[in-house]
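To start, the structure itself, in structure tokens.
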Amino acid sequence: MSFWLALGLMIALALLLGAILGVAAIRFKVDEDPLVDKIDAILPQTQCGQCGFPGCKPYATAIANEEAEINQCPPGGDDGVRKLAELLGKEYKPLNAENGAEKPRALAVIDENICIGCTLCIQACPVDAIVGAAKQLHTVIASECTGCELCITPCPVDCINMVDVGEEAATWKWRYPVIRLKKVAA
Amino acid sequence: MEMALPGDPAQEGGGVSARPIYRFNGGVHPPEHKLESSGTPVVPGPLPAQLVLPLRQSIGNAAKPLVAVGERVLKGQSIAAADGSVSAALHAPTSGTVTAIEDRLVAHPSGLAETCIVIDSDGRDEWEARTRFDWRAAHDAGDGRAIRDYLRDMGVVGLGGAVFPSHLKLAGRDALDTLIINGAECEPYITCDDRLMRERAADLVAGIRIVRQLLNAREVLIGIEDNKPEAAAALRAAIDGADIEVAVVPTLYPSGGAKQLIKLLTNIEVPSGVRSTDLGVQCFNVATVYTIYRALEHAEPVISRIVTLTGNVARPGNVEALIGTPLSDLMAFAGEQTGTREHIYGGPMMGFALPGLTAGLTKAGNCIIATTPAAFPDKGREMPCIRCGECASACPAELQPMDLYWFSRSREFGRAQERNLFDCIECGACAYVCPSSIQLVDYYRFAKSEIWAAEASKKAADKARERHEFKQFREEREKREKAERLAARQAAAAKPATTADAAAAADDAEAKAAKIKAAMARAAERKAAGETGDTQATDAMDAEKRAKIAAAMEKAAARKAHLESLQGGEAPVAEAMDKAKAEKIRAAMEAAAQRKAARDAAKADTPAQAGEADAASTAMDDAKAAKIRAAMEAAAQRKAHRESLQAAVPVAEAAPAASALDPEKAERIRAAMQKRDEEKARLAAMSPEERAALDAERQARIDAAKARAAAKKESEQ
Numbered sequence: 000m001s002f003w004l005a006l007g008l009m010i011a012l013a014l015l016l017g018a019i020l021g022v023a024a025i026r027f028k029v030d031e032d033p034l035v036d037k038i039d040a041i042l043p044q045t046q047c048g049q050c051g052f053p054g055c056k057p058y059a060t061a062i063a064n065e066e067a068e069i070n071q072c073p074p075g076g077d078d079g080v081r082k083l084a085e086l087l088g089k090e091y092k093p094l095n096a097e098n099g100a101e102k103p104r105a106l107a108v109i110d111e112n113i114c115i116g117c118t119l120c121i122q123a124c125p126v127d128a129i130v131g132a133a134k135q136l137h138t139v140i141a142s143e144c145t146g147c148e149l150c151i152t153p154c155p156v157d158c159i160n161m162v163d164v165g166e167e168a169a170t171w172k173w174r175y176p177v178i179r180l181k182k183v184a185a
Numbered sequence: 000m001e002m003a004l005p006g007d008p009a010q011e012g013g014g015v016s017a018r019p020i021y022r023f024n025g026g027v028h029p030p031e032h033k034l035e036s037s038g039t040p041v042v043p044g045p046l047p048a049q050l051v052l053p054l055r056q057s058i059g060n061a062a063k064p065l066v067a068v069g070e071r072v073l074k075g076q077s078i079a080a081a082d083g084s085v086s087a088a089l090h091a092p093t094s095g096t097v098t099a100i101e102d103r104l105v106a107h108p109s110g111l112a113e114t115c116i117v118i119d120s121d122g123r124d125e126w127e128a129r130t131r132f133d134w135r136a137a138h139d140a141g142d143g144r145a146i147r148d149y150l151r152d153m154g155v156v157g158l159g160g161a162v163f164p165s166h167l168k169l170a171g172r173d174a175l176d177t178l179i180i181n182g183a184e185c186e187p188y189i190t191c192d193d194r195l196m197r198e199r200a201a202d203l204v205a206g207i208r209i210v211r212q213l214l215n216a217r218e219v220l221i222g223i224e225d226n227k228p229e230a231a232a233a234l235r236a237a238i239d240g241a242d243i244e245v246a247v248v249p250t251l252y253p254s255g256g257a258k259q260l261i262k263l264l265t266n267i268e269v270p271s272g273v274r275s276t277d278l279g280v281q282c283f284n285v286a287t288v289y290t291i292y293r294a295l296e297h298a299e300p301v302i303s304r305i306v307t308l309t310g311n312v313a314r315p316g317n318v319e320a321l322i323g324t325p326l327s328d329l330m331a332f333a334g335e336q337t338g339t340r341e342h343i344y345g346g347p348m349m350g351f352a353l354p355g356l357t358a359g360l361t362k363a364g365n366c367i368i369a370t371t372p373a374a375f376p377d378k379g380r381e382m383p384c385i386r387c388g389e390c391a392s393a394c395p396a397e398l399q400p401m402d403l404y405w406f407s408r409s410r411e412f413g414r415a416q417e418r419n420l421f422d423c424i425e426c427g428a429c430a431y432v433c434p435s436s437i438q439l440v441d442y443y444r445f446a447k448s449e450i451w452a453a454e455a456s457k458k459a460a461d462k463a464r465e466r467h468e469f470k471q472f473r474e475e476r477e478k479r480e481k482a483e484r485l486a487a488r489q490a491a492a493a494k495p496a497t498t499a500d501a502a503a504a505a506d507d508a509e510a511k512a513a514k515i516k517a518a519m520a521r522a523a524e525r526k527a528a529g530e531t532g533d534t535q536a537t538d539a540m541d542a543e544k545r546a547k548i549a550a551a552m553e554k555a556a557a558r559k560a561h562l563e564s565l566q567g568g569e570a571p572v573a574e575a576m577d578k579a580k581a582e583k584i585r586a587a588m589e590a591a592a593q594r595k596a597a598r599d600a601a602k603a604d605t606p607a608q609a610g611e612a613d614a615a616s617t618a619m620d621d622a623k624a625a626k627i628r629a630a631m632e633a634a635a636q637r638k639a640h641r642e643s644l645q646a647a648v649p650v651a652e653a654a655p656a657a658s659a660l661d662p663e664k665a666e667r668i669r670a671a672m673q674k675r676d677e678e679k680a681r682l683a684a685m686s687p688e689e690r691a692a693l694d695a696e697r698q699a700r701i702d703a704a705k706a707r708a709a710a711k712k713e714s715e716q
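Printed below as a string of structure tokens:
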């Protein structure tokens, strides 16, 4: 008798919990993959395509689907790989040299004497950071330029150069404190 | 650690304040070293041959240059305008010529170059024509904004060290509870505020009253550390009233910090992330108040400041130097001695080592210390943190410096931020007390700038993402619009040229569709008919059949009646017939009577033939009746045949069948005419007797035909 009672209770419990889980699965369904957004937040949004994907979001999607490695983003650098490894619980691996090397942030600068106003760089810029019109001088909005270098190849007169942003007093960072070694007389 | 603060403030230094003085957590007592420079009055600085004026003279945006290279400028002329609200203007400190606007080394710990305006002075120190701004009228008119804009354009910034644009601090609410004038000057070596208060107390008090008026402050307190009794005395003398109170606070670094001074004087603790104005307290440095006074009452922009030159110099003291004076000129002015290791810009606790002396003096520069190894011995080698907690007890911001150090060192910036890293005022008290000689503030500065950089790059990345997504959206939209335009143009082009085709195709399609629809409708009809209408259709058919049958029967009845009338002669058959029939019969009988009369007349004309004719007529009558019967039989057969044909054709053709009878009729008529012609020919060949007999026969036949036609007509009606 007690066996049947236990069995009955267990079945009832299983049905109840199953129903709750079923309702929860529908009710609290997550439409978009939150992982993609989290990965995208770590990526530098340079939109340069060095990872082999047409932009940061497609790369983030590929990482989330485990179709791409986490070490394909040179602008994100070593730091970015570490953050991705931490987020995804993966092993850190050095930046893949095939995708390019980590470079200091640079800014595209158009040589105003050479520019012919062909608009090709405007079309290439992924963040609309180049202003200009056909047969008018183009210029780069420095604050919007991500330094992706996508405008360099389309330029028919090679008038775009990448200039290192370098450091300004306003954006300068205090260094990690180190104890300077001093030469002492032997 | 000497942290003991007196419970009774009256016992302390100045000793005259009746005001209760509270205390803040921690604090340190570093050696003061103020007496070296505080003994001599402020002297005017040198007039350098060249001035280097960095455009970034305040927190916020660097000023925008208003002059061009080669332009001559006068003393007090605005050479750069404020860029945005968090910015302040910059003025020429002396008359001269702008020789360069270029990157020069600036007084910044990075040692980086920034844009500076370089002016070669002409030595005449010629003032620009000035007009006093009637700030009282503006204030009475309630136009606080005009006063603030004026101060911004006069380049007034906080001269305590933070260089926060003062006009923003004057944008107050309706009223302020407490205005605190910060004359604490807690950092060692610095005495510029001390000398200012001692020497220019009257102007300073006038300035305080202006600021009080602008802020509509209820109470004004001047906080002065008790190591400057002369300054306190000078101010008390200058105040000459009860509206401003001088509060002497015990010497304890960093009592000059805004939050610490507020706590000391009002016991208000400004919580993390809250501005003191929200709590009804505002704090101004004495030097700032003095420049506000000079700007509003004398139309003098901020072109100079008092700077303490001390340390390894022959004449330590305070100098009122022009902004932009090369620091090397100042040190030379103070008589720098050999053996200086480095120069500290600011105080020894919060200042930084200058990367070079070619930089120009900035508005933030309150002190330059030439250090010697003797005065500033090397700190001991940095040792591991032993978690002794000395730093925590010294921290005036009540933080846990060892935790901040730990997380900054291990680059766990998020956790450092959680422990309120940004409430650290970088006063250096923790590093001062650290037994392990850890340069704690360096770690905090490192962590802070890393966090700021990360925030800036995050912001930039977010903006880039937004712009990229918008570009994708825009490209998508343009593609769609282009496709739509192309489709519209193609449709427009196709209309005049190949309308027929298109129309035909369309018609075809339409016709097809219509056909399909009709077929479907038919099918539906059929179905309906199969269900309900079938019986109707058969009913209709039956009704027609029945009608035909009825007509046939009627016709037959008429024929019968006619035959009877013919056979029975004058027999009364009227009662069996209806009215119309009876009339026709009567007409027929009349005709018969006429014929009889005509025959009788003919008989009378030819009495000889009369007997014969009578006999012939009776014989002929029999023959005629037989013929008539045969004709009627044939007609009945034809009719039956016709009816059978009619029954075979579909219902829809029932109506045209009537017209189909006509050719048959015409045939019969033709046949009848032919017969008559034949008869005529026979008659012509016959003898007169035969002809007469034939005539009678013909007459009878005509009569019969007439009767038949009448009967037929009647049946059709």
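Order-wise, the sequence lines are chains L and H. Following numbering that gives the first Met the number 0, the numbering of the first sequence begins with 0 at its first residue and continues without gaps. Following numbering that gives the first Met the number 0, the numbering of the second sequence begins with 0 at its first residue and continues without gaps. All C-beta atoms, glycine included, are put in the ideal place defined by N, C-alpha and C. The structure displayed is predicted, hence computed values, not measured ones.
Burial is judged here by how many other beta carbons sit within 10 angstroms of a residue's own beta carbon; Ala-320 of chain H has at least 16 and is buried. Counting the other Cβ atoms within 10 Å of the Cβ of Ala-710 of chain H gives 16 or more, which makes it buried. Between the C-alpha atoms of Ala-145 of chain H and Ile-209 of chain H there is a straight-line separation of about 15 Å.
Interface residue (Cβ-Cβ distance to chain L less than 8 Å): His-166 of chain H is not classified as such. Legend: CB atoms of the stretch 103–130 of chain L lying less than 7 Å from CB atoms of chain H belong to residues Pro-125, Val-126 and Asp-127. Using a Cβ-Cβ cut-off of 8 Å, Val-162 of chain H does not count as an interface residue toward chain L, since no Cβ of chain L sits closer than that to its own.
Its chain contains Tyr-188, Thr-309, Gly-310 and Ile-343 as the residues whose beta carbon lies nearer than 6 Å to that of Ile-368 of chain H, once the 5 sequence neighbours on both sides are disregarded; these appear in chain order.
For Gln-281 of chain H, the enclosing beta strand (DSSP E) covers residues 280–284.
In terms of Cβ geometry, Thr-339 of chain H and Thr-370 of chain H form a close pair [threshold 8 Å]. DSSP places Phe-351 of chain H within a strand segment (E or B) once states are collapsed to three.
Using a CB distance cut-off of 8 Å, Phe-23 of chain H does not count as an interface residue toward chain L. Listed along chain H is no residue with a C-beta nearer than 8 Å to that of Gln-49 of chain L; the closest approach is about 15 Å.
Between the alpha carbons of Met-0 of chain L and Gly-7 of chain L lies a gap of roughly 11 Å.
For a Cβ distance threshold of 9 Å, nothing in chain H lies close to Lys-182 of chain L: the least Cβ distance comes to about 14 Å.
Against chain L, a Cβ distance below 7 Å from Tyr-442 of chain H picks out Pro-176. Between Val-27 of chain H and Ala-459 of chain H, the alpha-carbon positions lie close to 41 Å from each other. In this structure, DSSP gives Gln-259 of chain H a helical state, which the three-state scheme calls helix. Within the same chain, and ignoring the five residues on either side of Cys-117 of chain L in sequence, the residues whose Cβ sits closer than 7 Å to its Cβ are Pro-155. DSSP assignment within the stretch 141–188 of chain H yields the following whole beta strand (DSSP E) runs of 3 residues or more, N-terminal first: 175–182.
Nearest CB-CB separation between Thr-60 of chain L and chain H: not below the 8 Å threshold. At least one CB atom of chain L sits nearer than 8 Å to the CB of Phe-445 of chain H. Chain-order list of chain H residues neighbouring Gly-76 of chain L: empty, with the shortest C-beta distance near 11 Å, by a criterion of under 8 Å. Within the DSSP secondary-structure output, Gly-310 of chain H pairs in a beta bridge with H:Ala-369. CA-to-CA, the gap between Leu-175 of chain H and Tyr-149 of chain H works out to about 21 Å. One thing to note: Lys-74 of chain H has its Cβ no nearer than 8 Å to the Cβ of Thr-98 of chain H.
Minimum Cα-Cα distance from Pro-376 of chain H among the listed residues H:Asn-317, H:Pro-347 and H:Thr-276 corresponds to H:Pro-347. At least 8 Å separates the CB of Ala-99 of chain H from every CB of chain L. Secondary structure of Asn-160 of chain L (DSSP, three-state): strand. Within the same chain, and ignoring the five residues on either side of Arg-585 of chain H in sequence, no residue has its Cβ closer than 7 Å to its Cβ. Interface flag for Thr-145 of chain L against chain H is set, since a Cβ pair is found closer than 8 Å. For Gln-593 of chain H, the secondary structure class from DSSP, reduced to helix, strand or coil, is helix. Counting along the chain, the unbroken alpha helix (DSSP H) around Gln-416 of chain H starts and ends at 412–417.
Under a 10 Å Cβ-count criterion, Asp-328 of chain H is classified as buried, with 16 or more other Cβ atoms of the shown protein chains found around its own Cβ. At least one beta carbon of chain L lies nearer than 8 Å to the beta carbon of Ser-448 of chain H.
In the DSSP assignment, Ile-121 of chain L falls within the alpha helix (DSSP H) that extends over 119–123. Ranked by Cα distance from Thr-114 of chain H, the options H:Leu-89, H:Arg-380 and H:His-32 are led by H:Leu-89.
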